[in-house]
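Right, one structure below, let's go through it.
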Amino acid sequence: MFKRHPILRYVLTRIFNYIFTIWGSFTVAFFLFRLVPTNPVEAWVNQLQRQYSVTVPKGDEMVAYYKEMFGLNGTLWDQYTHYVNMMLHGSLGPSFINFPTPVEELLLRRIPWTVGLLSVSIILAWVLGLLMGTMAGWFRDSTASDWLTNISIALSQIPPYLIAIVLVLVIGYQLKLLPTRGAWDAQYPIGFTWDFIKSVVSHSILPASAIVISSLAGWILSTRSLIVNILGEDYLMYAEAKGLKPWQIMTRYALRNAMLPQAMGLALTMGFMMSGQLLIEILFVYPGIGELMSRAIAVYDFNSLYGIILLSIFSVMTASLIVELALPLIDPRIRREIIA
Amino acid sequence: MFRFLVNCWRGSGKFKVGVIILGIMVLIALIAPLIYTPIIHGASPALPGQFPTWLPPSQEHPMGTDGHGRDLLTDYLAGLGTSLQIGFTSGLVATFLGILVGFTTGYKGGWIDASLTLITNTWLVIPAYPVLVTIAMVMPGMSVLTMSIILALFSWPYAARTIHAQIVGMKQRGYVELARVSGQGDLAIIFTELLPNLIPYLFMGFAFSTVGAMVGEVGLEVLGLGPGNIITMGLMINFANNWSAYSRGRYELLLIPVGTLVLIFMAITLINRGMEERVNPRLQRRTEK
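Protein sequences, first through last, are from chains A and B.
According to the working numbering, the residues represented by the first sequence are 458 to 797, in order.
According to the working numbering, the residues represented by the second sequence are 206 to 494, in order.
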């Protein structure tokens, strides 16, 4: 049956890989974190004692009670099956940092901030990179293109947090132009009011710029090399011979052909959003998933951590599955390759 | 191997600029003890409380002293060496792992390839930061070597992928076929036929992993999660943040380590790109005609 239906085999293999990878990587992550020799409940009680310098009455009983509640009893295997069982019933368990709020609720509260900040900056960087990369490829003999390319190469590996530090220093502290902490001004109530939206936007400019600046160079370079490769193709020569204007050739032929791989790249990058910018969120005290993750790690809140990791694995894998299934649909060359 | 590097040096301006910048950094790190020993009189660079805290820059302390009473120039010079050391060690370990996995999967093919690739992908999908941060929290007194190895565990798949792709393309070539027909073993083919042609890619994998490890290291240190007893560029950034270098007006405490890291990353990326353009001239192609 598979011999006769290569497309079906392709789709089924991808779906099997998808499920296996999600299960496998989550399982590895589960046991990795359980190797931590600290009992989070005990760590938490200890932390209470340190913070408020009181002894917690009946601390031992409390520890036992919560251990049961957080599924920390029995062997590692028992804990694993307990967690998977709970997960398959649609629950991620109670969180520790915000007890007794369930983890899924915590995540839902955080997701809009992370998705809002990152999707806007990723798309902005992508659009700018595509445009600048196309220009750099098209005018590849000009000095300006050389400069743009060389600067992009030099900047392509600079992590966003280093850029963020400089932005905070110069624009936040020195020039006092933009806020550097939080996601909105606490004096405005959350809602669709003009003041609130304005404060959300102004708070997001610095973290978003750091992300845009650091990822722009990569998009410029990849678009440029795509364009330069396309420029050697016969169909461009043909378009030129037909008497099309250079502008038309650039947008309709060169850019359109570079679009497909870049759109797939954008989809994959969007998939990494959820595991995305931990340091940026911490640096700007931005109430997204990354900041939640850092607080969860600080008290060994396994449930919240697992929730975040699941979310991240799920979004990365879903994005790549979509790309793998969409590519042969869009691109007949790849479809032919699968069939052959 | 050396011929390749010499060719890069001659043929690529990017490679040359990168090597010069990185070379200066390494040189500074190597002669650092000569500069800071007279300042701290032979004590350990990380020892706190050697001087009064927050001295402004002066003759004896060109950059002043930090909030722990250490000479800041010493912090910087010692930290530069450690940062580079972590990056290079980790890059080496990652390249080695990448060679091992990339060769096995690329050369053997079949189900070994399929399953190892699936495992590699599974590992890649796990978000690295929470794992790194947790390891750092559980092992607070990590040595430079341990830290490098742990960072390498998260950067090897990239090297493995690059090498894998090359091997798959290379083993189809005539000379490999010939060697196999003439009865050479797998190991002999790998070492005599494949490895010499792979050297550029090994260097690239190494450069890439080195940057990856350093980015990871600085990230951990900025959060204050690296080994606190060893000064690195990341830890200096963390100190500057914690000691509110901004409100003291000591912006250079932040800008110097940030600038140094940016220079190192830029240098390695330029070296990498220079090599890439040598191997794949299409990248720097200007016009067809």
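Beta carbons: idealized from backbone N, C-alpha and C, even for Gly.
Pairwise C-beta distances place the region 268-287 of chain B in contact with the region 231-241 of chain B, as three or more of them are shorter than 8 Å.
Taking the Cα of Tyr380 of chain B as reference, the smallest distance to any Cα among B:Val373, B:Glu398, B:Ile368 is reached at B:Glu398. Looking at the DSSP output, Thr270 of chain B bridges to B:Asp276.
DSSP places Pro551 of chain A within a strand segment (E or B) once states are collapsed to three. Thr351 of chain B: member of the alpha helix (DSSP H) spanning 349-375, first to last residue. Using a Cβ-Cβ distance cut-off of 8 Å, the region 700-716 of chain A and the region 750-770 of chain A are not in contact, since fewer than three pairs of beta carbons, one from each stretch, lie closer than that value.
By the neighbour-count definition (other C-beta atoms within 10 Å, threshold 16), Asp652 of chain A is an exposed residue.
It is roughly 50 Å from the alpha-carbon of Arg208 of chain B to the alpha-carbon of Tyr763 of chain A.
Put simply, of A:Pro718, A:Ala724, A:Tyr692, A:Lys699 the residue whose alpha carbon is nearest the alpha carbon of Tyr710 of chain A is A:Tyr692. Nearest to Met438 of chain B by C-alpha distance, out of B:Trp448, B:Glu426, B:Leu430, is B:Glu426. Contacts with chain A (Cβ-Cβ distance below 9 Å) from the region 318-335 of chain B involve Leu323, Ile324, Asn326, Thr327, Trp328, Leu329, Val330, Ile331, Pro332, Ala333, Tyr334, Pro335, listed in chain order.
Contacts between Leu466 of chain B and chain A, judged by CB atoms closer than 7 Å, involve Leu619 in chain order.
Within chain A, no residue has its beta carbon less than 8 Å from that of Ile229 of chain B; the closest one is some 16 Å off. Between Arg567 of chain A and Glu748 of chain A, the gap from beta carbon to beta carbon is short of 9 Å. Ranked by how close their Cα comes to the Cα of Gly296 of chain B, the residues B:Leu428, B:Gly429, B:Gly421 have B:Gly421 in first place. Not flagged as an interface residue toward chain A: Val484 of chain B, since no C-beta distance is shorter than 9 Å. Around the CB of Glu482 of chain B, 16 or more other CB atoms lie within 10 Å, so the residue is classed as buried. Out of A:Tyr630, A:Asn607, A:Glu738, the CA that lies nearest to the CA of Leu678 of chain A is found in A:Asn607. Legend: CB atoms of the region 538-562 of chain A lying less than 9 Å from CB atoms of chain B are not found in any residue. Interface with chain B (9 Å Cβ-Cβ cutoff): Gly481 of chain A is included. Taking the Cα of Ser263 of chain B as reference, the smallest distance to any Cα among B:Asp276, B:Pro432, B:Pro405 is reached at B:Asp276. The C-alpha of Gly390 of chain B lies about 24 Å from the C-alpha of Thr322 of chain B. Residues of chain A whose Cβ lies closer than 7 Å to the Cβ of Phe470 of chain B are, in chain order, Gln614, Ile615. The closest CA to that of Pro616 of chain A, considering only B:Pro253, B:Gly479, B:Ile233, B:Thr474, is found on B:Thr474. DSSP places Asn474 of chain A inside the alpha helix (DSSP H), whose first and last residues are 463-491.
The way I'd put it, the region 358-365 of chain B doesn't touch the region 514-533 of chain A; fewer than three beta-carbon pairs between them come closer than 8 Å.
The Cβ-Cβ distance between Met230 of chain B and Ile469 of chain B falls below 9 Å. Two segments are said to touch when three or more pairs of C-beta atoms, one from each, lie closer than 8 Å; by this definition the region 437-451 of chain B does not touch the region 332-339 of chain B.
Gly417 of chain B and Arg461 of chain A have their alpha carbons spaced roughly 44 Å apart. Per the Cβ contact rule, the region 528-543 of chain A is in contact with the region 483-496 of chain A (3 or more Cβ pairs under 8 Å). With a beta-carbon spacing of about 11 Å, Ile368 of chain B and Phe408 of chain B fall beyond the 8 Å limit used to define contacts.
When the alpha-carbon of Ser761 of chain A is set against those of A:Leu549, A:Tyr645, A:Leu673, the nearest one is in A:Leu549.
Under the 9 Å criterion on CB atoms, Ile677 of chain A is classed as non-interfacial with respect to chain B. Leu574 of chain A and Leu565 of chain A have their C-alpha atoms roughly 15 Å apart. With a threshold of 9 Å between beta carbons, Thr495 of chain A makes contact with chain B.
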